[in-house]
Amino acid sequence: MTSAGAEPPLRRLTARGALTRDRIVRAAADLMHANGVAGTTMDQVVEASGTSKSQLYHYFDDKDALVTAVIKMQAARVMEAQEPHLEQLSSLQGLRRWRDAVVRFVDSRHGANGCAIGSLANELSDRSEPARILLNGTFQNWESYLTAGISRMQERGEIDPDADAAALATGLVAAYQGGYLLSQTRRSGQPMALALDLAIRNVEALASEPKPASDAAG
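Sequential numbering of the sequence shown, starting at 172, is according to the numbering used here.
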């Protein structure tokens, strides 16, 4: 991406137009996840989406605008999968359930193509500042769910209230991304499992000590 990469304001779309635009973005997202942004051409998007070039350029001025839409769609897809596990996160047990769901997902795909957001970040962050900013916002939003969950653990006395919830959340997302990269190269969910286990142990290490029983004689 060489230009600003900002997606123009959405035109007022008919229901049919919205469906066509969505089909284009979905096709582009799938292609870019499998082949990379640089390895995906507008002609390939036209073919995969079953649209024409005139339709494609009606909704997107250039590839940069399409890539911006793809980042937003992939962010929505990832968070749609994460939210059921993170939205009401409030315990270490819930954190482990999130870990188990992630590992099952990665293992079922043998790590192929990596994280939809992480792959875009790896390819675009040093090539497009607007894309980097958008992707960074996506990661920060993701971390906010984990921060809120850890904060709830602190409120209920499960985690040391002095622990830095935001730092722990960043560590969990970093473990997820690193684990996914290794799972992608090894075609196994095991590296993801190991990475998340280590990150969760850092959280568990901050578990509050049980309060001693009160002295009955006192």
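Ideal placement from N, C-alpha and C gives every residue a C-beta, glycine not left out.
Does DSSP classify residue i as helix, strand or coil?
i	result
Ala340	helix
Ala378	strand
Gly176	Note that Gly176 scores 45 on pLDDT, short of 50, meaning its location in the model is unreliable and no value can be drawn from it.
Gly349	helix
Asn284	coil
Arg357	helix
Arg298	coil
Leu291	helix
Leu305	helix
Pro383	A caution first: Pro383 carries a pLDDT of 49, below 50, which makes its placement in the model unreliable, though a value can still be read off. In the structure shown, Pro383 sits in coil (DSSP, three-state: anything other than H, G, I, E or B).
Arg183	coil
Asp201	helix
Asp368	helix
Looking at C-alpha atoms only, which residue of the options is the closest neighbour of residue i?
i	options	result
Ala230	Glu314, Thr185 and Ala319	It should be noted that the sequence gives Tyr, not Ala, for residue 230. Of the listed residues, the one whose Cα sits closest to Tyr230 is Thr185.
Val344	Glu375, Ala236 and Cys286	Cys286
Val249	Val217, Asn312, Ser223 and Leu353	Asn312
Ala364	Arg183, Ala272, Leu305 and Gly221	Ala272
Gln348	Ala370, Lys224 and Tyr228	Ala370
Arg197	Val216, Gly188 and Tyr351	Val216
Glu375	Ala209, Pro332 and Val277	Pro332
His281	Ala366, Met244, Leu352 and Arg303	Leu352
Arg194	Ala240, Asn206 and Trp269	Ala240
Gly221	Gly360, Leu295, Ala199 and His256	Ala199
Gln226	Lys234, Thr191 and Ser354	Thr191
Gly360	Arg270, His256 and Met213	Arg270
Ala334	Val238, Ser299 and Leu377	Leu377
Ile288	Phe310, Glu300 and Asp297	Phe310
Asp233	Ile321, Asp214, Gln355 and Arg268	Asp214
Gln325	Leu263, Arg187 and Gln245	Leu263
Tell me which same chain residues have a C-beta within less than 6 Å of the C-beta of residue i, skipping the five on either side of it?
i	result
Ser279	none
Ala337	Thr318
Gly328	Ser379
Met203	Thr211 and Val241
Leu339	Ile321 and Val374
For residue i, collect the residues of the same chain with a Cβ closer than 7 Å to its Cβ; drop the 5 residues on either side in sequence, then sort them by chain order.
i	result
Glu258	Tyr316
Following a CB-centred definition, is residue i positioned closer than 6 Å to any heavy atom of the ligand COA?
i	result
Gly342	By its list of ligands, the structure shown contains no ligand whatsoever, and the ligand COA lies outside what it can speak to.
For residue i, I'd like the list of residues in its chain whose CB is within less than 8 Å of its CB, leaving aside the five on either flank, ordered along the chain.
i	result
Thr341	Glu314
Gly207	Ser290 and Glu294
Glu254	Tyr316
Would you list the residues sitting across from residue i in a DSSP beta bridge?
i	result
Ile330	Ala378
Ignoring anything shorter than 3 residues or poking outside the region 206-279, list the beta strand (DSSP E) runs there in chain order. Within the region 206-279, not a single complete beta strand (DSSP E) segment reaches 3 residues in length.
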